[in-house]
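This report concerns only the one structure given below.
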Amino acid sequence: MLLGSTVNPSGGVIEEPSRSLPVSNDCDVLVAGGGIAGVAAALAAARLGADVCLLEKTCALGGLATLGNVTVWLPLCDGRGRQVSGGLAEELLKLSVANLGRDNKSAQFIGVPTCWQPGGDAATRWKTRFETRFNPSSYLLALEKRVTDAGIKILYDTRLCAVHRAGDRISHVVVENKSGRSAIACRTVVDATGDADLCFLAGEQTESLDSNVLSGWFYTLQENGMNLHCLSNRYNPRGTQEKAEGPFFRGDDADQVTAHLLETRELIRKRLESIRARKPEADVQLVSPPTLPCFRMTRRLVGSVSLGARHVHQWFEDTIGLIGDWRQAGPVYAIPFSALQGVQTANLLVAGRCLSADTTVWEVTRSLPGCAVSGEACGTAAVMALRQTGGNVQALPITALQNQLVKQGVLLDPALVSPAGPLP
Ligand SMILES: Cc1cc2nc3c(=O)[nH]c(=O)nc-3n(C[C@H](O)[C@H](O)[C@H](O)COP(=O)(O)OP(=O)(O)OC[C@H]3O[C@@H](n4cnc5c(N)ncnc54)[C@H](O)[C@@H]3O)c2cc1C
33 MLLGSTVNPS
43 GGVIEEPSRS
53 LPVSNDCDVL
63 VAGGGIAGVA
73 AALAAARLGA
83 DVCLLEKTCA
93 LGGLATLGNV
103 TVWLPLCDGR
113 GRQVSGGLAE
123 ELLKLSVANL
133 GRDNKSAQFI
143 GVPTCWQPGG
153 DAATRWKTRF
163 ETRFNPSSYL
173 LALEKRVTDA
183 GIKILYDTRL
193 CAVHRAGDRI
203 SHVVVENKSG
213 RSAIACRTVV
223 DATGDADLCF
233 LAGEQTESLD
243 SNVLSGWFYT
253 LQENGMNLHC
263 LSNRYNPRGT
273 QEKAEGPFFR
283 GDDADQVTAH
293 LLETRELIRK
303 RLESIRARKP
313 EADVQLVSPP
323 TLPCFRMTRR
333 LVGSVSLGAR
343 HVHQWFEDTI
353 GLIGDWRQAG
363 PVYAIPFSAL
373 QGVQTANLLV
383 AGRCLSADTT
393 VWEVTRSLPG
403 CAVSGEACGT
413 AAVMALRQTG
423 GNVQALPITA
433 LQNQLVKQGV
443 LLDPALVSPA
453 GPLP
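Residue 33 is where the sequence shown starts when you use the numbering used here, and the numbers rise one by one after that.
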C-alpha cells in the first residue's frame, strides 16, 4: 500500500516484483516512532520484561519535542492545584530538565517549579502550572540513555513501510534502512508515528487534516546567550483553515512535507534578517533550526470512541490516564482505553498525536502529557495482553490494566476528573 497521496500524474505505475524478505528482528512489542509517546510506550513495555523494538526514521529520540524544538513540557496539573498526570508523564517531564544545571531565561530553559517539588506550597500550585521548559539537545541525550538502559532495541534510520497481517493481527512490520528491506516479527504493535502511519498501513479508518500552517521554533545565539523563537503562522486549534494563516499543508503527503520544511526555513531566514535589521550592531547567529516538519495535527486513528470536548470531566469505565488542559485552568480529561485501540486489528494500539480524539480536543491530547500518558498505557497493555489474552488488546480485562497502571504511579482517581473545589 502506498503511504500518502502524492502521485505523479504523468508517471503511471510500475509493477513491483514480489520478493522474499528476510526477518531481521523478532520482538514481543514493536513500537513505531520514537517521539515522547513512543519512548513512553517502549519504557513501559520493557519495564514489564518484554522484548521491545523501537523504530525511528530519524537518528534521535524525542520527535517534535527534540528535533522540532517544541520545548515546553505542558502541565501535569489542572491549574487548580491538583496534579492529574503521573507515572511516566511525571518521570519524562522531570527527565527533560534533569541536566539543566540552572534556569536560563533567554533560552527558556526552566526547571520544575519550586511549588511542585516535594512539600511545595499548595496555594502557589493554584497560580503556577506544573510544567518545564527544556533544552532539546540535553533531552535528546537523556531520552536515549533512559531507553538504552531499559534494554530496548532502538532501530534508527529505519522507516516503517508496510505491515503483514495474519487474520486480525499484524504479524510483521516491513521496514527499510541501510541494510535494505526486511520484516520484523512482532506480537503486539504500538503506532506512535504521530501520523498514524501504522494504522493507515493496517487498513484502519483514519482521518487526515489539511490545515497545518508554517511553524518552526528555532534558537539564535546573541550577546545575552541563546534565545528561543516560537515562529508560527496563526493556526486554528479546531483543525480547520478558518481564521488561520495559509499556506496550508497535509502532513501525510510527500511533496507537502518537503514544501512545509522549505517554506518554514524561508520564513526562518526572513525572521533572522528582520532581527538583524532591528539590531544591526548585534551578533545574531542562527542555531538549531528544526529538523522535522512541525505539523500539529496530521492523520489520526478513528477508533470506536473519539475523545471530544464534550467529555470534559467525564470518567470512563476504561480510563487509562488523565490530562489537564494547558490552555486554561480547570478542565480535566480522562483518556479511555478504547481511544487507543485499533478497531479491525486485535494487537494494535495507538499513542500520542494520532490517538482517537476529534478536533475539539486534539489540541489537548497532542500535547506532551497526553503523549506520555497514552504511551505508558499502550506499552503496559501491549505486554499484559501478550500474557493474558494471547496478544488481543481488545480482550484485556480493563481492571487488571488500571491496577497495573496505578502501581506504576499513573493517577487514576475518578475524583480528580470532577471539577476542583474552591481554593482552600
Ligand atoms: C509548532 C508546534 C508547537 C507545539 N508546542 C507544544 C508545546 O509547547 N508543548 C507541548 O507539550 N506540545 C506542543 N506541541 C505538540 C507536541 O510537540 C507534539 O504533539 C508531540 O511532541 C507529539 O509527540 P508524538 O510522540 O505523538 O509524535 P512525534 O513527536 O511526531 O514523534 C513521532 C516520531 O515517529 C517517527 N516516525 C514517523 N513516521 C515514522 C515511520 N513511518 N517510521 C519510523 N518512524 C516514524 C518520527 O520521526 C518521530 O520521531 C507543538 C507542536 C508543534 C508542531
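We put the beta carbon where it would ideally sit given N, CA and C, even for glycine.
- Fully contained in the stretch 332–360 are the following beta strand (DSSP E) runs of length 3 or more, in chain order: 351–356.
- 8 Å or more divides the Cβ of residue 55 from the Cβ of residue 184.
- In this structure, residue 425 places its C-beta atom within 8 Å of the C-beta atom of residue 413.
- Going by DSSP, residue 85 is part of the beta strand (DSSP E) stretching over 84–87.
- Around the beta carbon of residue 427, fewer than 16 other beta carbons lie within 10 angstroms, which makes this residue exposed.
- When the Cα atoms are used, residue 205 and residue 97 turn out to be separated by approximately 26 Å.
- Relative to ligand 1, residue 384 has its C-beta within less than 7 Å of a heavy atom.
- Rounded to the nearest whole angstrom, the C-alpha separation of residue 180 and residue 79 is 12 Å.
- Between the stretch 426–443 and the stretch 88–106, the count of C-beta pairs closer than 8 Å stays below three; the two stretches do not touch.
- Apart from the 5 residues on each side of it in sequence, residue 295 sits with its Cβ closer than 8 Å to the Cβ of 246 and 279 in its chain, given in chain order.
- A distance criterion of 7 Å places the beta-carbon of residue 326 in contact range of ligand 1, judged by its closest non-hydrogen atom.
- The shortest C-alpha to C-alpha distance from residue 207 to any of 196, 201 and 126 is the one to 196.
- Between the alpha carbons of residue 169 and residue 260 lies a distance of about 13 Å.
- Judged by pairs of C-beta atoms under 8 Å, the stretch 393–404 touches the stretch 62–79, as three or more such pairs exist.
- Less than 8 Å separates the beta-carbon of residue 217 from that of residue 203.
- In this chain, the beta strand (DSSP E) harbouring residue 250 covers 250–254.
- Between residue 416 and residue 128, the alpha-carbon positions lie close to 28 Å from each other.
- If only uninterrupted beta strand (DSSP E) runs of at least 3 residues are considered, those enclosed by the stretch 136–224 are 185–187, 191–198, 201–209 and 212–223.
- Under the three-state reduction of DSSP, residue 94 is assigned to strand.
- Collapsing the DSSP output to three states places residue 57 in a strand.
- Residue 115 sits in a strand when the DSSP states are folded into three classes.
- A Cβ-Cβ distance of about 22 Å is found for the pair residue 327 and residue 374, leaving them out of contact under the 8 Å criterion.
- Contact holds between the stretch 159–173 and the stretch 103–114, because three or more Cβ pairs, one in each stretch, are under 8 Å apart.
- For residue 391, the shortest separation between its Cβ and any heavy atom of ligand 1 does not lie below 7 Å.
- DSSP places residue 366 inside the beta strand (DSSP E), whose first and last residues are 364–368.
- Following the DSSP letters along the chain, one finds residue 435 inside the alpha helix (DSSP H) bounded by residues 430–439.
- Judged by DSSP in its simplified three-state form, residue 73 adopts helix.
- Here residue 412 carries a helix assignment [DSSP, helix/strand/coil].
- Non-local C-beta neighbours of residue 450 in its own chain, meaning closer than 7 Å and more than five positions away in sequence, comprise 345, ordered along the chain.
- Non-local C-beta neighbours of residue 341 in its own chain, meaning closer than 7 Å and more than five positions away in sequence, comprise 392 and 393, ordered along the chain.
- Nearest in C-alpha terms to residue 73, of all of 243, 334, 382 and 231, is 382.
- Judged by DSSP in its simplified three-state form, residue 264 adopts strand.
- Between ligand 1 and the CB of residue 410, the shortest heavy atom gap is not smaller than 7 Å.
- Straight-line measurement puts the Cα of residue 419 at about 44 Å from the Cα of residue 320.
- With a threshold of 7 Å, the Cβ atom of residue 235 does not count as near ligand 1, since no heavy atom of the ligand is closer than that.
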